[in-house]
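Accompanying notes for the structure given below.
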Amino acid sequence: MRDYNSELSKKTGMPPGTLIHVGDKRVEEPKLTLVEYNGDNLEVHVSQDIDIIKDLEFAEDRKIWINVDGLHQTELIESLGKLFGVHPIVLEDILNTNQRPKTESYEDYIYVTIRTLFYERLENTVNSDQISIILGNNFILSFQEMETDLFKKIRQRMERPAGIIRKRGVDYLTYSLIDSIVDNYYLLLEDIGEEIERLEDELINEPSPATLQNIHELKREMIILRRSLWPLRETIASLQRDESGLIKESTDIYLRDLYDHSIQVIETVETYREMLSGMLDLYLSTVSNRMNEVMKVLTIIATIFIPLTFIAGIYGMNFEYMPELKWEWGYPAVMIFMATMAVIMLYYFKKKTWL
Amino acid sequence: MRDYNSELSKKTGMPPGTLIHVGDKRVEEPKLTLVEYNGDNLEVHVSQDIDIIKDLEFAEDRKIWINVDGLHQTELIESLGKLFGVHPIVLEDILNTNQRPKTESYEDYIYVTIRTLFYERLENTVNSDQISIILGNNFILSFQEMETDLFKKIRQRMERPAGIIRKRGVDYLTYSLIDSIVDNYYLLLEDIGEEIERLEDELINEPSPATLQNIHELKREMIILRRSLWPLRETIASLQRDESGLIKESTDIYLRDLYDHSIQVIETVETYREMLSGMLDLYLSTVSNRMNEVMKVLTIIATIFIPLTFIAGIYGMNFEYMPELKWEWGYPAVMIFMATMAVIMLYYFKKKTWL
Amino acid sequence: MRDYNSELSKKTGMPPGTLIHVGDKRVEEPKLTLVEYNGDNLEVHVSQDIDIIKDLEFAEDRKIWINVDGLHQTELIESLGKLFGVHPIVLEDILNTNQRPKTESYEDYIYVTIRTLFYERLENTVNSDQISIILGNNFILSFQEMETDLFKKIRQRMERPAGIIRKRGVDYLTYSLIDSIVDNYYLLLEDIGEEIERLEDELINEPSPATLQNIHELKREMIILRRSLWPLRETIASLQRDESGLIKESTDIYLRDLYDHSIQVIETVETYREMLSGMLDLYLSTVSNRMNEVMKVLTIIATIFIPLTFIAGIYGMNFEYMPELKWEWGYPAVMIFMATMAVIMLYYFKKKTWL
Amino acid sequence: MRDYNSELSKKTGMPPGTLIHVGDKRVEEPKLTLVEYNGDNLEVHVSQDIDIIKDLEFAEDRKIWINVDGLHQTELIESLGKLFGVHPIVLEDILNTNQRPKTESYEDYIYVTIRTLFYERLENTVNSDQISIILGNNFILSFQEMETDLFKKIRQRMERPAGIIRKRGVDYLTYSLIDSIVDNYYLLLEDIGEEIERLEDELINEPSPATLQNIHELKREMIILRRSLWPLRETIASLQRDESGLIKESTDIYLRDLYDHSIQVIETVETYREMLSGMLDLYLSTVSNRMNEVMKVLTIIATIFIPLTFIAGIYGMNFEYMPELKWEWGYPAVMIFMATMAVIMLYYFKKKTWL
Amino acid sequence: MRDYNSELSKKTGMPPGTLIHVGDKRVEEPKLTLVEYNGDNLEVHVSQDIDIIKDLEFAEDRKIWINVDGLHQTELIESLGKLFGVHPIVLEDILNTNQRPKTESYEDYIYVTIRTLFYERLENTVNSDQISIILGNNFILSFQEMETDLFKKIRQRMERPAGIIRKRGVDYLTYSLIDSIVDNYYLLLEDIGEEIERLEDELINEPSPATLQNIHELKREMIILRRSLWPLRETIASLQRDESGLIKESTDIYLRDLYDHSIQVIETVETYREMLSGMLDLYLSTVSNRMNEVMKVLTIIATIFIPLTFIAGIYGMNFEYMPELKWEWGYPAVMIFMATMAVIMLYYFKKKTWL
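In order, the protein sequences belong to chains A, B, C, D and E. Under numbering that gives the first Met the number 0, think of the first position of the first sequence as 0, with each following residue one higher. Under numbering that gives the first Met the number 0, think of the first position of the second sequence as 0, with each following residue one higher. Under numbering that gives the first Met the number 0, think of the first position of the third sequence as 0, with each following residue one higher. Under numbering that gives the first Met the number 0, think of the first position of the fourth sequence as 0, with each following residue one higher. Under numbering that gives the first Met the number 0, think of the first position of the fifth sequence as 0, with each following residue one higher.
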């Protein structure tokens, strides 16, 4: 997530409403998927061309879902926007892939933007893509930076005629799309949770500077993740409060459930962040502890042997008149004296619980 | 509480309303307890089969409490749900045992979910079970992951005909169930409080890396516990504010009391967390302090004996022309000089309050 | 304050409304003090028996204040409660001496609970008693865990016929009681403030592990104190907002004053807590500083004498062919060389500002 | 600011409304300044006696400002209060010089209390005086603990007949008084800001324990200052919201400006506090850094010379059968060996970037 | 940003409404740029004199934008203010270049003040200029401390007749001006983000006291930046809520977009601040880690060689009766004994994972 803001400046100085793709080009060619469905039928068309949409006939009993994978062909987005009457500033937001999650109500449609998140364990980073959804009267437009499995699964569920998703309106489909994204966060959090456990074990059993590095990186990702997820709560609450009539009452109960999930996700990130902070503090204490142990070993050795070496040094002096050197028992006497000193020292350290 | 999120991903990609038990299977067979009661009578039926409920006749003057222990037989839950008209998304929440505590009002019933907590001192962890309660017009459904003592005690109190619990409606019974759960938190907090006191004593008297480890683990549990308990306040406040008429005015005063308890519980967890943070800081200061003591001992020994050893080393040199070596009083003079140096050093350390 | 929660579990599993004294028995026998007063008269009766109250005649022009010292005789409390129509759940709160400060409005009376605080400097702990006050139409009931000076002083003020307290209603008396408790907090805070100053001086002049211990203990007490005092603000605000008519408009101005005091008390505790946190940080820096000083002394000594000792060691070797040993000026040359080295070292340390 | 709470307890146990001066006696004799003014005239009377006020005639077209310097003559305050119909509890607040800043609306007047602040750089402390202002229909009473320049300057501005202050009502004068106090905070903050810069430079260039001490003291003052200034915002907002009509609409725009200033002052204190916290953290890291440097020097010296000294020690042993001692080239061989070892060690330290 | 408050005191003691330029003189001569425009025409006049404005004719179908670069000629600002009916206190705010961002609604115009920010990487500081905008019925006045590129670009965009900016009212121009300032923040944040990345790399690969210094400085700038940007959100929200009719409904959608940007900017600053805090903590742990490594090297060397040196010292003693010295195999025996001791020590360190 290092480059989170790195392209924001690309647009500086441009008049608002200028359509420029801010973000990486993730796919070669944008792909358009048109799904027309109602309780009885389901038709799927895939194309790289906008022409298949131009001949589209709107009908009361047909719901339309158009999904775009790949955002760098701005003309495609612009044409789509004109066709469905989307305000240029919304199109600008769709193309600028650094949006905070948000819900905006317009006269004829609701614009929701949200992020999918991917945790890359090897690099300890969380990457994210922007998903934009426009919910109209009888249609949904969805925009992804690249094709993901998330929406494909929804499409597979739609193929079953008995599915609730076919019977209900496009508001329920919108809910399903957002729900699949939020559900995916749990996978992410589970992965991160496992990494935290692994790091905690490592911290206790064999801490190394790399452990410190990993904890720090993961905590930094949590700070950035929190920034990305914090607005999620308000995004879904805004959908719930929507008064345009585009969201039917029967969908409310599902949005409430989604709201609970979003809070749970945010709280988990917050908890992880606090746990990682605690682990960083623990690391510092542990290092201090081990330094203390090292110091004790050094001190014990030095405190025992430095005085003894001094005594040996005295009897190594070459003075002519040193009566002790002539004594027959001088050598054993000094040896016994030194041994006694060492024992007293060891007893002293024992009492100080350094041993 | 390590695996708090570990099964959340099981449901990813499923359509909403899919009934899957998310959590561990805690009992072999689910157990159904049916309690029919009013001021005069009390009948208890226990079964593993839903049939005993199918013949149930609803009567104005009879209140019904159905308790389910064990959630892994989803068909049982589904049948119960259909019988009492519970929305599938509520049943999904009952089976997904990772809910945050919450109160949700529906047209005909109120859904409350809350967690029971158990502190396992040996492992310094707090485990939790999810309890779900559905309060209807004249009935209560309660769902536990496994049988606990909490609800059994309520049932025993109900057997006394004079008890207030028999005379009042199912809203009072709901209160009693939640109250018994919240009361149980006090036991948990008391256990944790004792552990904190024990750790504080240990920290002051004989701190070891294990003490640090324990404080850290307990603090981590407090972070997770806070996340579990924080929504409790809102859960009970929502019950108080309920306008469906299912909660009678006479129960309000009890819910207010419960609300006070919930705040007290949350504040205690917060206080514990802050106290444990303080203890971690204290540990670091204590380790630094002790390292300082170790350093002082080393420095005193080294500072006294290293110069003395040097002097002894000088007179151990084998130069032919060293006049001092020939002096008769050379040896005692050097000894006195060295003793004087040592005394000066000790005086210097005394003045620096290192001794 | 260590045992703050230690008896909370005593009530677990009891039906609500069960009257059990949760707390220590602080007095041998409970004492009942009945004060009947109006502008003209004041009668005081003291008894250990409830009988003196049973014959009590209520009269429009007489105000009644009943104070109970000692809470362990639950029957006494129960009889009193029945006589004045107090709800059992309120009586339960009176007996459970671990309440948070709060104001609860009932139909005929207002229930206020608040804590008196005592700082025991020797043990660095803050102890607290629970005071409960029931303000009715023309009467006050007050409950203390043991007799204190606080209420006695109020009674003495009431004996002066000219006193405002005699002329005004029981709402003013309620204010006076709470005011005397809050005023007492200032004494507590002043004591703690002096202790903080003393510790700060100690920290700067002669820090010891005991200083650290004391700061930590005081900070812990501040955390617990904050928990006790935080609800005080809301308690008094609730009294101010009361709409039952039991609090007359003329008392409002006094409650506003009390409210200001309560905020001042809370802010002072918060300030103390932050100051103590700052002192803990300072302690750690100070210890590191002093360790740095110790290390410098060790390093200077070792860096000067270890190389010199090595040189002395070289000329102490017993090789047969060491020409220097034979030189006439060998010894003084080596001595001058060593002195030069020492001077260079000292200059280096000087430049590094270690000296 | 050490004695901030030290006299609060003086009033404990007194009935409310008792007029006692809580604070230091800062002037010998209280001084009364009476200013009568309107657009055309300005009369100033100074006296130590209240008599000059007693003959005061109120007139629609004359505005009156009475300023009192020195609060220890309670009778003077009391007489003034009675004359202008001020509630005893307000007089009590005026005399109790430990108030938080606040605005209180009464029927006929508004009571504002606010603090002037003085930074004493030598002691690193912030002292404060309490200013009380009573704004009535056509009069202002102001009370200071001692005479300051602030109000004198306002009086000088009033002497210019063209000044807006003469034309407008007493509400504008009130604004002017408060504005002059808040403006003075900027001076204080500028002084503290300069001290912070000085300390930061000292921290980077030549940190000493005294630097640590100063940063700590300044941070403590910021904690206390924040407590004093935090209520300022609400104080001025209350004035803005006032609905008594004493504050005219034309003054609103000035109060809004004052409100902005008060927020700016509070934010600056908060910023200073955070900057000082950052500096304390930096100090700890810097000390650790320098200890690390010291340790490296010690380790390099010890690691090079201890093994060499050992080798010299070996050839200083007096065994009769040590063949090396007899070799002609033994001595130079050992010297070369030792030099090689030293070079290898130095290379190793170079590689570890310790040199 | 060091001198942020340094001139605030210049105005102390002045009556409100006194026009004094508080800030540095950034340009030699103030420059006036008058832009008259509508959908069809655009006229630009540049002058240092106010006369060109005096002959200005207001017409319904012409919009006027007057930009002033350089604020130290107070008479110019005053004349402009009088001409357009701006309240003196607003002019005072325009000249006092230390304002917090804010929006103030007056009867006939809206006053917005906001800051441009420039990051100077070499000094690790963020400098800022104050921009004031007055939006009237058909005119805009804008005031800058010095000429910047930001507004010049807007003027260039206005020269294109097809541009939306020409067709819409002055409210849209106001939005465009603020938008160009906020867009510029992204450039600033990107620069700071890159510096943070660079510092993080440096921290991991080759931390030095200068790294610490840089992180600290950048964090301090973030604290100050947060103070400057925090009110931005409210500033734009106030514009959105404006009810004067000066802001047309069609501009609302653009302001909403601007509001999102402002939140994103604030959150990024907050995230940076937290990341820098994390890096400071990491630095401390890293230093401790490295000190630990240094200590281990010292301890290993000392623990191996000090006892060996002691043994060598023993056989260097000059006692006459030391039988070992006479043994033929004494020397090799001692050497083998010492080697064995060294090996045992090394094995012990290996087991302790110090090697």
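Every residue gets a Cβ at the ideal spot worked out from N, C-alpha and C, and that includes glycine. Quantities reported herein were computed from a predicted structural model and do not represent experimental measurements.
Hey, could you find the ends of the beta strand (DSSP E) residue i is sitting in?
i	result
D:N137	No beta strand (DSSP E) holds D:N137; DSSP gives it neither H nor E.
B:D68	K62 to D68
C:H44	L41 to S46
Here's a check: name, in chain order, each residue in its chain whose Cβ is nearer than 6 angstroms to the Cβ of residue i, leaving out the five neighbours to either side.
i	result
A:L324	none
C:I299	F348
E:L354	F348
B:F336	none
Which residues of chain D have a Cβ atom closer than 7 angstroms to the Cβ of residue i, listed in chain order?
i	result
E:L307	F309
E:P100	Those within 7 angstroms of E:P100 in chain D number zero; the least Cβ separation is about 11 angstroms.
Note down the Cα distance separating residue i from residue j, rounded to an integer number of angstroms.
i	j	result
D:Q129	C:D148	32 angstroms
B:I49	B:K151	20 angstroms
A:S207	A:A338	39 angstroms
D:N317	E:Y314	6 angstroms
E:R272	B:P306	51 angstroms
D:E196	E:S276	20 angstroms
D:Y36	D:F138	10 angstroms
A:E216	B:M340	54 angstroms
If you drop the 5 nearest sequence neighbours on each side, which residues of the same chain put their C-beta closer than 7 angstroms to that of residue i?
i	result
A:E180	The question names Glu, but residue 180 of chain A is Ile in the sequence shown. Hits under 7 angstroms: I113, T115, I130 and L149.
B:G329	E323
B:D2	Low local confidence applies: a pLDDT of 44 at B:D2 is under 50, so the model's placement there is unreliable, and no value is given.
E:N183	T115 and L149
B:P230	R99, P100 and K101
B:K30	V45, Q47, D68, G69 and E146
Taking the alpha helix (DSSP H) that residue i falls in, what are its first and last residues?
i	result
A:W229	P208 to R240
D:K351	That residue, D:K351, is in no alpha helix (DSSP H); it is neither H nor E in DSSP.
D:I303	E248 to I313
What in chain A is Cβ-close to residue i, meaning under 7 angstroms?
i	result
E:F318	Y314, L324, G329 and Y330
Give me the chain E residues within the contact set of residue i, using Cβ-Cβ distance strictly less than 9 angstroms, ordered along the chain.
i	result
D:R114	Within chain E, no residue comes near D:R114; the closest Cβ sits about 17 angstroms away, beyond 9 angstroms.
Who are the neighbours of residue i on chain B, taking C-beta pairs under 7 angstroms?
i	result
A:L94	The contacting residues do not exist; A:L94 stays about 29 angstroms from chain B at best.
Under 8 angstroms Cβ-Cβ, which residues of chain B neighbour residue i?
i	result
C:V296	T298 and T302
Can you name the residues of chain A whose CB is closer than 8 angstroms to the CB of residue i?
i	result
E:N288	P208, L211 and V286
With a threshold of 8 angstroms on Cβ separation, who are the neighbours of residue i within its own chain once the five nearest residues in sequence on each side are excluded?
i	result
E:L79	I49, I52, I65, V67, V85 and L140
Problem set entry | Stretch pair the segment 117-126 of chain B + the segment 279-291 of chain A: three plus CB contacts closer than 8 angstroms | At 8 angstroms Cβ cutoff, the stretches do not touch.
Exercise. Are at least three pairs of beta-carbons, each pair with one atom in the segment 138-146 of chain A and one in the segment 62-70 of chain A, less than 8 angstroms apart?
Worked result: Touching, per the Cβ criterion.
For this session: Evaluate the contact criterion for the segment 85-97 of chain C versus the segment 158-165 of chain C: three or more CB pairs, one atom per stretch, below 8 angstroms.
Result: The segment 85-97 of chain C vs the segment 158-165 of chain C: no contact.
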